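Worksheet: the structure to be examined is printed underneath.
Residue numbers (my numbering), protein chains in the order written: chain A, 664 to 777; chain B, 51 to 166.
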């Protein structure tokens, strides 16, 4: 069965410092993996996705994630946090091989202080 | 292009009452999803439509939840009767029909339901 585990429920960083949000996955087949972001009172937005091409995936707003099969991880990083990055982040795995349905993690709240 | 529209944005009802949510997907998107997001958790898929047919409703509590997508465009999700544990944000998403993961899911703003 497919599942994702977000290892931190809350991450706090200072503006200008690196961001690391951790995610481990479990999948019985080659997975499709995603990161979504949810800002307060706004809809979910796709940050980036991995679909078996390059293992290092670049997304919007300077975020990137690396697929590591040996570690079953898909951690999200950003070199320098911005105040506007404060939001809820979800690691997501495809529910089926077609990739048409998603399973969300519980989310990580990112706080950014000045 | 216009995004996924949902209404109402907020709804407060008493337990055992009925409620309905409406979703209008992005024009041309054949696949439509309803998710339930309980406070502090990630969204959970309730039902997936392709055009006006149900693809996956395995996580829909069918004793009280129902959904339809007439004419393959708009969709409604109904709860009857509501329970306290149904308090959540109900999200609608849509996606173009295509190859594996070719197209992303676009999410609406959600309907926040409070059951008292």
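Where is the CB? At the ideal position from N, CA and C, for every residue including glycine.
This one's a predicted model, so the numbers in the text were calculated from it and none came from an experiment.
8 Å Cβ cutoff, residue i in contact with chain B
i: residue 732/A; result: no
i: residue 685/A; result: no
i: residue 726/A; result: no
i: residue 763/A; result: yes
i: residue 706/A; result: yes
Residue environment, residue i, which counts as buried when at least 16 other CB atoms sit within 10 Å
i: residue 113/B; result: exposed
i: residue 705/A; result: exposed
i: residue 92/B; result: buried
i: residue 766/A; result: buried
i: residue 60/B; result: exposed
i: residue 104/B; result: exposed
i: residue 664/A; result: exposed
i: residue 97/B; result: buried
i: residue 163/B; result: buried
Sheet register partners of residue i (DSSP bridge)
i: residue 667/A; result: 688/A
i: residue 163/B; result: 61/B and 138/B
Chain A within 8 Å of residue i, Cβ atoms only
i: residue 95/B; result: yes
i: residue 106/B; result: yes
i: residue 157/B; result: yes
i: residue 91/B; result: yes
i: residue 126/B; result: no
i: residue 146/B; result: no
Partners in chain A for residue i, counting only beta-carbon separations shorter than 8 Å
i: residue 86/B; result: Chain A residues near residue 86/B: none, gap ~11 Å exceeds 8 Å.
i: residue 98/B; result: 763 and 764
Amino acids of chain A, ordered along the chain, whose beta-carbon sits closer than 9 Å to that of residue i
i: residue 118/B; result: Result: empty, since nearest Cβ-Cβ is about 19 Å, beyond 9 Å.
Within chain B, the residues that residue i reaches when beta carbons sit closer than 7 Å
i: residue 769/A; result: 91 and 92
i: residue 709/A; result: 154
Amino acids of chain A, ordered along the chain, whose beta-carbon sits closer than 7 Å to that of residue i
i: residue 81/B; result: 763
Contacts that residue i makes with chain B (C-beta to C-beta distance below 8 Å)
i: residue 737/A; result: Those do not exist, as residue 737/A stays about 14 Å from chain B at its closest Cβ, beyond 8 Å.
Item checked: Three CB pairs or more closer than 8 Å across the segment 55-67 of chain B and the segment 717-726 of chain A -> no
Margin query: With three or more beta-carbon pairs closer than 8 Å as the criterion, would you say the segment 752-761 of chain A touches the segment 116-130 of chain B?
Written below: no
Notebook entry, point to check: Counting Cβ pairs closer than 8 Å, one from the segment 729-747 of chain A and one from the segment 65-77 of chain B, do we hit at least three?
Noted result: no
Next item on the list: Indicate whether the contact test is met: 3 or more Cβ pairs, each with one atom in the segment 738-753 of chain A and one in the segment 70-86 of chain B, closer than 8 Å.
Entry: no
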